[in-house]
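Protein chains in written order, with this note's numbering: chain A, 1 to 267; chain B, 268 to 534; chain C, 535 to 801. No residue lacks a Cβ here, since even glycine has one placed at the ideal position from N, Cα and C. Input: a single structure, listed below in structure tokens.
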Amino acid sequence: MKSKRPAVITLTTDFGITDWFVGVVKGVIARLAPESRVIDLTHAVPPGDLCSGAFCLMTGYRFFPKGTVHLTVVDPGVGSNRGMLAVQTVNYFFVGPDNGVLSWALLTEEIKAIHSLENEAYFLSPVSQTFQGRDIFAPVAAHLSRGVPIRRLGPAQNDLVRLRWNEPQATRRGQQGEIVYVDQFGNAITNLTAACLKDLGRAKLQVVLKGRRLCAVGNSYSCAPTGKAIAVLGSSGFLEIAVNRGNAAKRLGLCIGDYLEVEPIVD
Amino acid sequence: MKSKRPAVITLTTDFGITDWFVGVVKGVIARLAPESRVIDLTHAVPPGDLCSGAFCLMTGYRFFPKGTVHLTVVDPGVGSNRGMLAVQTVNYFFVGPDNGVLSWALLTEEIKAIHSLENEAYFLSPVSQTFQGRDIFAPVAAHLSRGVPIRRLGPAQNDLVRLRWNEPQATRRGQQGEIVYVDQFGNAITNLTAACLKDLGRAKLQVVLKGRRLCAVGNSYSCAPTGKAIAVLGSSGFLEIAVNRGNAAKRLGLCIGDYLEVEPIVD
Amino acid sequence: MKSKRPAVITLTTDFGITDWFVGVVKGVIARLAPESRVIDLTHAVPPGDLCSGAFCLMTGYRFFPKGTVHLTVVDPGVGSNRGMLAVQTVNYFFVGPDNGVLSWALLTEEIKAIHSLENEAYFLSPVSQTFQGRDIFAPVAAHLSRGVPIRRLGPAQNDLVRLRWNEPQATRRGQQGEIVYVDQFGNAITNLTAACLKDLGRAKLQVVLKGRRLCAVGNSYSCAPTGKAIAVLGSSGFLEIAVNRGNAAKRLGLCIGDYLEVEPIVD
Numbered sequence: 001m002k003s004k005r006p007a008v009i010t011l012t013t014d015f016g017i018t019d020w021f022v023g024v025v026k027g028v029i030a031r032l033a034p035e036s037r038v039i040d041l042t043h044a045v046p047p048g049d050l051c052s053g054a055f056c057l058m059t060g061y062r063f064f065p066k067g068t069v070h071l072t073v074v075d076p077g078v079g080s081n082r083g084m085l086a087v088q089t090v091n092y093f094f095v096g097p098d099n100g101v102l103s104w105a106l107l108t109e110e111i112k113a114i115h116s117l118e119n120e121a122y123f124l125s126p127v128s129q130t131f132q133g134r135d136i137f138a139p140v141a142a143h144l145s146r147g148v149p150i151r152r153l154g155p156a157q158n159d160l161v162r163l164r165w166n167e168p169q170a171t172r173r174g175q176q177g178e179i180v181y182v183d184q185f186g187n188a189i190t191n192l193t194a195a196c197l198k199d200l201g202r203a204k205l206q207v208v209l210k211g212r213r214l215c216a217v218g219n220s221y222s223c224a225p226t227g228k229a230i231a232v233l234g235s236s237g238f239l240e241i242a243v244n245r246g247n248a249a250k251r252l253g254l255c256i257g258d259y260l261e262v263e264p265i266v267d
Numbered sequence: 268m269k270s271k272r273p274a275v276i277t278l279t280t281d282f283g284i285t286d287w288f289v290g291v292v293k294g295v296i297a298r299l300a301p302e303s304r305v306i307d308l309t310h311a312v313p314p315g316d317l318c319s320g321a322f323c324l325m326t327g328y329r330f331f332p333k334g335t336v337h338l339t340v341v342d343p344g345v346g347s348n349r350g351m352l353a354v355q356t357v358n359y360f361f362v363g364p365d366n367g368v369l370s371w372a373l374l375t376e377e378i379k380a381i382h383s384l385e386n387e388a389y390f391l392s393p394v395s396q397t398f399q400g401r402d403i404f405a406p407v408a409a410h411l412s413r414g415v416p417i418r419r420l421g422p423a424q425n426d427l428v429r430l431r432w433n434e435p436q437a438t439r440r441g442q443q444g445e446i447v448y449v450d451q452f453g454n455a456i457t458n459l460t461a462a463c464l465k466d467l468g469r470a471k472l473q474v475v476l477k478g479r480r481l482c483a484v485g486n487s488y489s490c491a492p493t494g495k496a497i498a499v500l501g502s503s504g505f506l507e508i509a510v511n512r513g514n515a516a517k518r519l520g521l522c523i524g525d526y527l528e529v530e531p532i533v534d
Numbered sequence: 535m536k537s538k539r540p541a542v543i544t545l546t547t548d549f550g551i552t553d554w555f556v557g558v559v560k561g562v563i564a565r566l567a568p569e570s571r572v573i574d575l576t577h578a579v580p581p582g583d584l585c586s587g588a589f590c591l592m593t594g595y596r597f598f599p600k601g602t603v604h605l606t607v608v609d610p611g612v613g614s615n616r617g618m619l620a621v622q623t624v625n626y627f628f629v630g631p632d633n634g635v636l637s638w639a640l641l642t643e644e645i646k647a648i649h650s651l652e653n654e655a656y657f658l659s660p661v662s663q664t665f666q667g668r669d670i671f672a673p674v675a676a677h678l679s680r681g682v683p684i685r686r687l688g689p690a691q692n693d694l695v696r697l698r699w700n701e702p703q704a705t706r707r708g709q710q711g712e713i714v715y716v717d718q719f720g721n722a723i724t725n726l727t728a729a730c731l732k733d734l735g736r737a738k739l740q741v742v743l744k745g746r747r748l749c750a751v752g753n754s755y756s757c758a759p760t761g762k763a764i765a766v767l768g769s770s771g772f773l774e775i776a777v778n779r780g781n782a783a784k785r786l787g788l789c790i791g792d793y794l795e796v797e798p799i800v801d
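This is the structure in structure tokens:
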């Protein structure tokens, strides 16, 4: 074996951690790529929720070493005729079902190749109809991490199924965005980026929901008094609505899909 | 150190992941077997539930590399006079209390040796009365993973405590089985295997519960319309009752221990 | 690379495991210290609960290999002007915010150096205001695990913020302690140590709460009948109140901060 970093494989799934599902995926990887390092991104994607899975992957993938294989199994159509993919970008590999769950991470990654997973030589045998994360995706990720060329996995394809990602819209006063994810602490993450805010200039900004002021935009959670709302440019790179030491989504009744505006505060 | 695969140690426990218990077990293993690779099978076995722990282990153990040490601590009698075991089979090692939790995995593994854990040289010192997972089982698993011969751990014994595993029974029309596990998604897993179904020939099959038809047997969850029940040969190797994108156990009122029959559909 | 044990980095946080936060912390570590071994102590510290985080760390840290870097991020003041620390002791490194969360582990560890984290060369760039676990603490822990001298991280400081740790008090009849942690199984852990009990001599002991006998002190959970209370010297090194196969905190109404006494049973 060459003296190099062990390959990293990340896992993003809706398998939960109550049963043995994640464990056996790691067992399969340990058999095929014993020197790899497996890191859980999350296994708590709500069952079959493609947008939540896509957002977790989009937010997390770039913090991993170059060459990491990002294995993503949120697969409500397992056993149906949906496609299965491996994608090679300039920096990473992505493996998963062709149902859009990979697509948000690939908005900003330069794609080099997309191949359909059809070569059964890289699958477990037999393949079950209900757990292709174990039988197909995990072995494929393990083989990629060991340097198997992506072209061997199956025929190239031109594009993949993409989930719609709404871009923020300029409004009369500012920028309109929407809530795209609510984290476990109740922080409501929007699709508004640092660039959107920069476009609004140096004025102090506020967030408006359904015509009513929600909160100011600040630098950190602790800019607001305990229990009060604040919008901050979060660690995910997006503006998020938080309540200092509280649960913003519950307190303010915020849901995925809610539209809101960021605009300068007029004194 | 020889240039070989790092040894794998799996963990199956009822420790939960809220406190530090799993972490310190891994700390003890890292001290004694720093090159090993530890993989969680699950830590969410219901406290003291030997059958659930035994089923997780039985379903998961075979997906790991040859030589893996399967450490299983579901141990309601910790500190009492129940025995403690290491078992060597043709393919694996198993370590845990002698209370039956290892026994279902050993139904199909050829046993080479069973030794009682009595040699304190392979324990932490001192040994607590309440956390022998950390003080006895973890160090023993670490030592086995490094090649310590099993005979050094204590005297050989002939057999181990076994949990009852009910085999399916032939009925007038088909096969009677029972529900043995309900996973976190509500899929109700039975003790009926592919072989049981094969015995029923090529006819289309259905599942009958208490004299009423429950659902058809199909190839995948998505053979049923969304929200409808289907029985599929699951990834665990057993027939399981599922509801496409739903929770079968809740929807259909299924519980561990319920008997059901699989029989040909008569047109 | 020298032929030595891989460095261990433990994680103790209130990040939860539902979102991608823990995963990206591990991604950052994998980039900077690819040969390290990361072990979760817990990610289920209640959000911002410094005492629970401090107790988990205090109870768990000593089971890890010498040289382990204990990374602890319970940081309700993230983005405020609270300090950030690395501490080197005779056996370990500790990294975290200077808010007391490290202080209970350091009650019994001999401190060799404390340095403030100010050298941005060892941070990610840019540093977010809301996720310094990823941007500051994780990279610092990774660098320490690779042998970067602690003095390079920033200026030395003399002490750290300390949480109050109440010592048990001698009473007329015995020792008064208090409940300091309730684990997920409902075991109520006190600050009473083996040494406290030893001071009470060889008599049989009992636990008294608000003037009423709660239970006897025994050797193991199973000394009490199923469903009955027992106090045992727990695996954490402290006396804990348990109910054999039950939840002591719920059954007996025990809370963190409750005072109780241990005293000899007078026949």
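Which of helix, strand or coil does DSSP assign to residue 755 of chain C? Position 221 of the third sequence, counted from the start, is the residue given in the question as residue 755 of chain C. Helix.
Any C-beta of chain B sitting closer than 9 Å to the C-beta of residue 578 of chain C? Looking up residue 578 of chain C in the third sequence gives position 44. Answer yes: the Cβ-Cβ gap between residue 578 of chain C and chain B drops below 9 Å somewhere.
Coarse secondary structure for residue 120 of chain A, derived from DSSP in three states: Taking the first residue of the first sequence as 1, we reach residue 120 of chain A at position 120. Helix.
Taking residue 65 of chain A as the query, report the chain C residues whose CB atoms sit under 7 Å from its CB, ordered along the chain. To locate residue 65 of chain A, count along the first sequence from 1; it is residue 65. In chain order: 564, 565 and 568.
If you measure from the beta carbon of residue 551 of chain C to each beta carbon in chain A, is any gap under 9 Å? The residue given as residue 551 of chain C occupies position 17 in the third sequence. Yes, its Cβ sits closer than 9 Å to a Cβ of chain A.
Please confirm if the stretch 231-247 of chain A is in contact with the stretch 300-312 of chain B, defined as three or more CB-CB distances below 8 Å between the two stretches. no
For residue 417 of chain B, count neighbouring C-beta atoms within 10 Å of its own C-beta (all shown protein chains included) and say buried if the count is 16 or more, exposed if not. To locate residue 417 of chain B, count along the second sequence from 1; it is residue 150. The C-beta of residue 417 of chain B has 16 or more other C-beta atoms within 10 Å across all chains shown, which makes the residue buried.
Going along chain C in order, which residues have a C-beta closer than 7 Å to the C-beta of residue 315 of chain B? Start at 1 with the first residue of the second sequence, and residue 315 of chain B comes out as number 48. Correct list: 779.
Starting from residue 376 of chain B, follow its DSSP beta bridges and name the residues at the other end. By one-based count along the second sequence, residue 376 of chain B stands at place 109. DSSP output for residue 376 of chain B lists no bridge partner at all.
Taking 8 Å as the threshold, find out whether the stretch 382-391 of chain B comes into contact with the stretch 705-714 of chain C through three or more Cβ pairs. no
Out of A/136, A/105, A/194 and A/188, which has the shortest C-alpha to C-alpha gap to residue 253 of chain A? Within the first sequence, the letter at position 253 stands for residue 253 of chain A. That would be A/188, whose Cα lies nearest to the Cα of residue 253 of chain A.
Helix, strand or coil for residue 17 of chain A? Go by DSSP, reduced to three states. As a working note, residue 17 of chain A is residue 17 in the first sequence. Coil, per DSSP.
Going by C-alpha to C-alpha distance, which of A/60, A/14 and A/31 sits closest to residue 560 of chain C? Here residue 560 of chain C refers to the residue found at position 26 of the third sequence. When only C-alpha atoms are compared, the closest one is A/60.
On the three-state DSSP scale, how would you describe residue 290 of chain B? Within the second sequence, residue 290 of chain B is the residue found at index 23, counting from 1. In the three-state scheme derived from DSSP, where H, G and I count as helix and E and B as strand, residue 290 of chain B is classed as helix.
Closer than 8 Å to a non-hydrogen atom of the ligand HEM - does that hold for the CB of residue 294 of chain B? In the structure shown, the ligand HEM is absent, as is every other ligand, since no ligand is present at all.
Run through DSSP, which three-state label would residue 101 of chain A get? By one-based count along the first sequence, residue 101 of chain A stands at place 101. Coil, per DSSP.
State the CB to CB distance for the pair residue 427 of chain B and residue 369 of chain B, rounded to an integer number of angstroms; the pair is presumed to be in contact (CB under 8 Å). Working through the second sequence from its first residue, we reach residue 427 of chain B at position 160. Working through the second sequence from its first residue, we reach residue 369 of chain B at position 102. Rounded, the Cβ-Cβ distance is 6 Å, consistent with contact.
Expected contact under 8 Å - CB spacing of residue 720 of chain C and residue 784 of chain C to nearest Å: Counting from one through the third sequence, the residue named residue 720 of chain C turns up at place 186. Counting from one through the third sequence, the residue named residue 784 of chain C turns up at place 250. The pair is a contact, with the Cβ atoms about 6 Å apart (cut-off 8 Å).
Under a three-way DSSP split, which group does residue 783 of chain C fall into? By one-based count along the third sequence, residue 783 of chain C stands at place 249. DSSP places residue 783 of chain C in helix when its eight states are reduced to three.
Kindly indicate which three-state DSSP category residue 255 of chain A falls into: helix, strand or coil? The count along the first sequence starts at 1 and reaches residue 255 of chain A at position 255. Three-state DSSP puts residue 255 of chain A in coil, outside helix and strand.
Please tell me whether residue 404 of chain B has its Cβ less than 9 Å away from any Cβ of chain C. In the second sequence, residue 404 of chain B corresponds to position 137, counting from 1. So, not an interface residue.
Delimiting residues of the beta strand (DSSP E) encompassing residue 86 of chain A: Taking the first sequence and counting its residues from 1, the one referred to as residue 86 of chain A is at position 86. 84-89 is the span of the beta strand (DSSP E), which, as asked, contains residue 86 of chain A.
Where residue 676 of chain C sits in the DSSP three-state scheme: The residue given as residue 676 of chain C occupies position 142 in the third sequence. Note: residue 676 of chain C maps to helix in three-state DSSP.
Looking at the unbroken alpha helix (DSSP H) that takes in residue 593 of chain C, where does it start and where does it end? What you label residue 593 of chain C is simply residue 59 of the third sequence in a count that begins at 1. It spans 584-594 - the alpha helix (DSSP H) in which residue 593 of chain C sits, taken as one unbroken run.
Got a sec? Which residues, its chain only, sit under 7 Å from residue 385 of chain B by beta carbon, not counting five neighbours each side? The residue given as residue 385 of chain B occupies position 118 in the second sequence. Cβ within range, chain order: 421 and 422.
Go to residue 500 of chain B, then tell me how far its beta strand (DSSP E) extends in each direction, as first and last residue. Along the second sequence, one-based indexing puts residue 500 of chain B at 233. Looking at the DSSP string, the run of the beta strand (DSSP E) that includes residue 500 of chain B is 496-500.
Proximal chain B residues relative to residue 594 of chain C, where beta-carbon distance stays under 8 Å: Counting from one through the third sequence, the residue named residue 594 of chain C turns up at place 60. Those within 8 Å of residue 594 of chain C in chain B are 287, 290, 291 and 294.
Does the beta carbon of residue 363 of chain B sit closer than 9 Å to a beta carbon anywhere in chain A? The sequence position of residue 363 of chain B within the second sequence is 96, counting from 1. No, residue 363 of chain B does not count as interfacial toward chain A.
By the three-class DSSP mapping on this structure, what secondary structure does residue 131 of chain A have? For this step, residue 131 of chain A is matched to residue 131 along the first sequence. Coil at residue 131 of chain A, not helix or strand.
For chain B, check one thing: does any of its Cβ atoms lie closer than 9 Å to the Cβ of residue 140 of chain A? To locate residue 140 of chain A, count along the first sequence from 1; it is residue 140. Residue 140 of chain A is outside the set of residues whose beta carbon lies under 9 Å from a beta carbon in chain B.
Continuous alpha helix (DSSP H) stretch holding residue 464 of chain B: start and end: In the second sequence, residue 464 of chain B corresponds to position 197, counting from 1. That run of the alpha helix (DSSP H) goes 461-465.
Can you tell me whether residue 270 of chain B is helix, strand or coil according to DSSP? Translated into positions along the second sequence, residue 270 of chain B becomes position 3. Confidence at residue 270 of chain B is low in this model, with a pLDDT of 42, below 50, so the placement of that residue should be treated as unreliable; the coordinate-derived value is given next. Here residue 270 of chain B sits in coil by DSSP.
Please confirm whether residue 663 of chain C has its beta-carbon closer than 9 Å to some beta-carbon of chain E. Chain labels in this structure do not include chain E; the protein chains are A, B and C.
What is the C-beta distance between residue 341 of chain B and residue 317 of chain B, in whole angstroms, given that I count them as a contact (C-beta under 8 Å)? Here residue 341 of chain B refers to the residue found at position 74 of the second sequence. Here residue 317 of chain B refers to the residue found at position 50 of the second sequence. The Cβ separation is near 6 Å, so the contact holds.
Contacts of residue 345 of chain B in chain C (Cβ-Cβ under 8 Å): Along the second sequence, read from residue 1 onward, the residue named residue 345 of chain B stands at position 78. Here the neighbours are 754, 755 and 756.
Is DSSP giving residue 455 of chain B helix, strand or coil here? As a working mapping, residue 455 of chain B is identified with position 188 in the second sequence. If DSSP states are grouped into helix, strand and coil, residue 455 of chain B belongs with the strands.
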